[in-house]
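**Student:** In numbering that gives the first Met the number 0, the protein residues as written are 0 to 250.
Using N, Cα and C, we set each Cβ at its ideal position, and we do this for glycine too.
Would you mind keeping the following structure in view while I ask a few things?
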Amino acid sequence: MTAFEKKILSFSVVAGLALCVPQTASAMHIMEGYLPPAFCITWGALCIPFLAAGVITIRRLLQQHRKAILLLAMSGAFVFVVSSLKIPSVTGSCSHMTGTGLGAILFGVPATSVLGIIVLVFQAILLAHGGLTTLGANTFSMAVAGPLLTWGLYQAGKKLKLPKLWNIFFAAMLGDVFTYCITSFQLALAYPSAEGGIWASAVEFLAVFAPTQLPLAVIEGILTMLVVMGLETYAKTELNELRSEKGGLFK
């Protein structure tokens with residue numbers, strides 16, 4: 000077993016332990032039964048094209064670059080760990096990082112959506128974090144919308160020739176913030192304010208999570224940047240294999 004493979008194994012063990020720790024279920028993921036059935040179905044339907052494209056992307060990637068499975072596993076473990084570390088918010092709910100920005104930068108949005116839904120299913124079952132009926136809504140915000148903005152910002156930053164690490168930092172940070180903007184909008188659609196409607200309700204939800212989520216978004220940007228620095232040191236061969244992939248980190 001190579002040194003890099005040992006690091007991946009250790010990371011996976013940490014992720015597994017983190018998922019097995021019982022926690023109070025009052026997290027930012029929309030909880031079980033909180034959304035009306037029509038909203039659950041609609042958000043789930045919006046995720047289907049991304050998930051289908053993700054399965055195709057991952058299958059093709061592993062056929063062409065077998066060693067990429069190590070980076071996929073690491074990206075999934077990263078999402079597991081950082082999205083399971085929650086801190087109390089001002090309403091008794093919790094805020095947490097998403098971790099999906101790293102996958103979006105390395106593999107693009109479709110593959111990240113598959114990693115994200117796997118994480119969300121395990122969190123819903125093992126941690127009561129989120130829910131199965133709200134899986135579609137949570138997947139769209141955390142594994143589609145957030146990664147989509149991260150990927151778009153990163154690609155724009157490359158065209159503008161921004162320093163790579165700063166580009167990664169801002170893309171991951173703003174992708175995290177956007178995830179919570181989408182979640183607030185999802186909640187506002189289901190529960191519009193009596194005075195001001197959907198937009199007033201969205202602002203109220205955003206105000207609830209902003210005090211804790213904005214610092215976490217900065218931390219996620221830093222962590223993503225540090226992980227990429229580590230990969231450039233210990234997994235340069237695997238990263239180089241991604242050069243031919245559209246939107247890959249080193250394209």
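What three-state label does DSSP hand Lys235 in the structure shown?
**Tutor:** Note: Lys235 maps to helix in three-state DSSP.
**Student:** Residue range of the alpha helix (DSSP H) that Ala110 falls in?
**Tutor:** Where Ala110 is concerned, the enclosing alpha helix (DSSP H) stretches over 108-121.
**Student:** With a threshold of 6 angstroms on Cβ separation, who are the neighbours of Ala103 within its own chain once the five nearest residues in sequence on each side are excluded?
**Tutor:** Taken in chain order, the residues that qualify are Thr111, Pro146, Thr149, Trp150.
**Student:** Please confirm if the stretch 112-127 is in contact with the stretch 69-88, defined as three or more CB-CB distances below 8 angstroms between the two stretches.
**Tutor:** Judged by Cβ distances under 8 angstroms, the stretch 112-127 makes contact with the stretch 69-88, as three or more pairs qualify.
**Student:** Assign Gln22 to one of three DSSP states: helix, strand, or coil.
**Tutor:** Per-residue confidence for Gln22 stands at a pLDDT of 38, beneath the threshold of 50, marking its modelled position as unreliable; the derived number appears in the next sentence. Residue state, collapsed to three classes: coil.
**Student:** Can you give me the C-alpha to C-alpha distance between Met172 and Leu213, rounded to a whole angstrom?
**Tutor:** So the alpha carbons of these two residues sit roughly 9 angstroms apart.
**Student:** What are the boundary residues of the alpha helix (DSSP H) that includes Leu69?
**Tutor:** Note, Leu69: alpha helix (DSSP H), 67-83.
**Student:** Are there 16 or more other CB atoms within 10 angstroms of the CB of Met228, so buried, or fewer, so exposed?
**Tutor:** It counts as exposed.
**Student:** Need the endpoints of the alpha helix (DSSP H) that Leu61 sits in, please.
**Tutor:** Taken as a continuous stretch (DSSP letters only), the alpha helix (DSSP H) holding Leu61 covers 36-63.
**Student:** Should Gly34 and Ala201 be called a contact, given that it needs their Cβ atoms to be closer than 8 angstroms?
**Tutor:** In the sequence as displayed, the identity of residue 34 is Leu instead of Gly. Against a cut-off of 8 angstroms, the Cβ pair of Ala201 and Leu34 comes out as no contact.
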